[in-house]
Amino acid sequence: MDIYNTYLSDVDMIIHAGDVVSPNIVDFLEKNVFHGVQGNMDPLEVSALLPERKIVEAAHHRLGIIHGWGAASGLEERILPLFPSVDVIIYGHSHVPANHMREGVLLFNPGTATGYSKNGFNSIGILEVSETVRGRIIPV
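To convert, count from 1 in the sequence shown and add 37; that's the numbering used here.
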């Protein structure tokens, strides 16, 4: 709740890139404009509520959302071909924040807000979407 109240209570949309881990969290997030995908750590009751991947539109930009799978090495190479016509791919799985352009697409991984982080800090991500898209990684 602290993360929500501090950073997310006034955003236009919440996107979760998987590993929600509880249907109660899905229910809570759905009180907002919410788009989420299932992650490899989600139990069946969460996976039943969320797709494996999806595309949403925001301010004329197409945002692909996926959790990811396999080793962190090569993760971006595996997900890029799945979204041939998007402006942004939001992904998770590695728990390593990313915010960079590749092949004309913004690759954005917010890291992990609550789980184990390989770089020693938890984080969330904020995307500012207007004429352009700008991502920020915020340590929490």
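The beta carbon of each residue, even a glycine, is placed where N, CA and C say it ideally should be. These numbers come from a predicted model, not from an experiment.
Item                                                                                                            : Value
Count the other CB atoms within 10 Å of the CB of Leu87; is the residue buried (16 or more) or exposed (fewer)? : buried
State the DSSP-derived secondary structure class of Ser160, mapped to helix, strand or coil.                    : strand
Helix, strand or coil, according to DSSP, for Phe65 in the structure here?                                      : helix
How long is the line joining the alpha carbons of Thr151 and Ser167, rounded to whole angstroms?                : 29 angstroms
With 16 as the cutoff for other CB atoms within 10 Å, does Thr169 come out buried or exposed?                   : exposed
Mapping DSSP to helix, strand and coil, what is Pro176?                                                         : strand
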